[in-house]
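Data block below; observations after.
Protein chains: 2
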Amino acid sequence: MYEQWAERWRVLGDATRLHILRLLSVRDACVCELVDLLPISQSAVSQHLRKLKNAGLVRDYRNKSWVFYALRSDIPPAVLSLLQELPVPDTEAAWLRGHQVGEACSPPVTRSGGDAKVGPE
Amino acid sequence: MYEQWAERWRVLGDATRLHILRLLSVRDACVCELVDLLPISQSAVSQHLRKLKNAGLVRDYRNKSWVFYALRSDIPPAVLSLLQELPVPDTEAAWLRGHQVGEACSPPVTRSGGDAKVGPE
DNA sequence: TATTTATATTAGCCTAGTTTGATATACTAA
DNA sequence: TTAGTATATCAAACTAGGCTAATATAAATA
Chain A
87 MYEQWAERWR VLGDATRLHI LRLLSVRDAC VCELVDLLPI SQSAVSQHLR KLKNAGLVRD
147 YRNKSWVFYA LRSDIPPAVL SLLQELPVPD TEAAWLRGHQ VGEACSPPVT RSGGDAKVGP
207 E
Chain B
87 MYEQWAERWR VLGDATRLHI LRLLSVRDAC VCELVDLLPI SQSAVSQHLR KLKNAGLVRD
147 YRNKSWVFYA LRSDIPPAVL SLLQELPVPD TEAAWLRGHQ VGEACSPPVT RSGGDAKVGP
207 E
């Protein structure tokens, strides 16, 4: 009877998924960046992202070699205000600021023009 | 890191607990009434109520032979508005309206004055 | 096309959570 | 105090969910 509602909230009932959402609230990130920041395997990250996507909380888009994930703009206000309350460790915030998107995953193939524009949608 | 937040939301990620919360939003109910309305054992109901209580979502008070549970008045607004969205089946609403509190559990011991006042706090 | 890199999927293990049945505790009333 | 009822707790079975390792797919580039 209430299973569909329960499932919506169960998505938020996992520490790793909250972590991912909090990171994405700083800026969009590709999967490999999240793998670098989180203490779990790439497989686990991918499975969490799928659940977040199925729940309508994030969207994904491809740019060059990488698949980026972003918070959806139509997230319920209640969820959004929840996310604002979560702390973002300084180290992680600095990491996100200090890396160009995609930079962390593999060095650019060409030596010149390495910082190509990467944008959403 | 985010485990404490995840746990807060995990409480809402169970269909039975949502059901209980929705029933309590109609009116306070004693444990045996909830047992009558829910398709699970008395033991399971009791354990769900404990979790809801530990999460600060409900409070309990005793009246005569029964322990009543009630929604706490300081429930986060986000949770409260969630509850409003949940449907209450007509049969259950009618059941709650059609029964005096405690009436469903056992017939009143005395034949006269069977409808003693029962109130919160 | 072949190769490399990034991401997704699958299967199996493991842990956490829910349920039930049995039992214990807490009241109430005689 | 004793009996009866309501509720809580405990242990074990069952289930669901997260994790890893291995593998598959997809896109980019040589």
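So the protein sequences, as listed, match chains A and B. The opening position of the first sequence corresponds to residue 87 in this note's numbering, with each subsequent residue numbered one higher. The opening position of the second sequence corresponds to residue 87 in this note's numbering, with each subsequent residue numbered one higher. Think of the CB as a built atom: it goes at the ideal place given N, C-alpha and C, for glycine as much as any other residue. A quick note: this is a predicted structure, and the numbers were derived from the prediction, not measured.
Output, in chain order, the set of chain B residues within a Cβ distance shorter than 8 Å of residue i.
i: residue 136 of chain A; result: Near residue 136 of chain A there are no residues of chain B at all, since even the closest Cβ is about 17 Å away, more than 8 Å.
Chain B partners of residue i, CB-CB under 9 Å?
i: residue 96 of chain A; result: 95, 96, 98, 99 and 100
Quick check on residue i: buried or exposed, where buried means 16 or more other Cβ atoms within 10 Å of its Cβ?
i: residue 153 of chain B; result: exposed
i: residue 99 of chain A; result: buried
i: residue 160 of chain A; result: exposed
i: residue 183 of chain B; result: exposed
i: residue 108 of chain A; result: buried
For residue i, which residues in chain B fall below 7 Å Cβ to Cβ?
i: residue 91 of chain A; result: 104 and 172
Measuring only between beta-carbons, confirm whether residue i sits less than 8 Å from chain B.
i: residue 88 of chain A; result: yes
i: residue 140 of chain A; result: no
Is the shortest distance between the beta-carbon of residue i and the beta-carbons of chain A less than 8 Å?
i: residue 198 of chain B; result: Here residue 198 of chain B scores only 32 on pLDDT, less than 50, and its place in the model should not be relied on; the value that follows carries that caveat. False, the Cβ-Cβ gap to chain A never drops below 8 Å.
Is the beta carbon of residue i less than 8 Å from the beta carbon of residue j?
i: residue 97 of chain B; j: residue 103 of chain B; result: yes
i: residue 122 of chain A; j: residue 155 of chain A; result: no
i: residue 138 of chain A; j: residue 131 of chain A; result: no
i: residue 105 of chain B; j: residue 87 of chain A; result: yes
- Task: Output, in sequence order along the chain, the residues in the region 143 to 169 of chain A whose CB is closer than 8 Å to any CB in chain B.
- Result: Taking 8 Å as the Cβ-Cβ cut-off, the region 143 to 169 of chain A approaches chain B at 164, 167 and 168, given in chain order.
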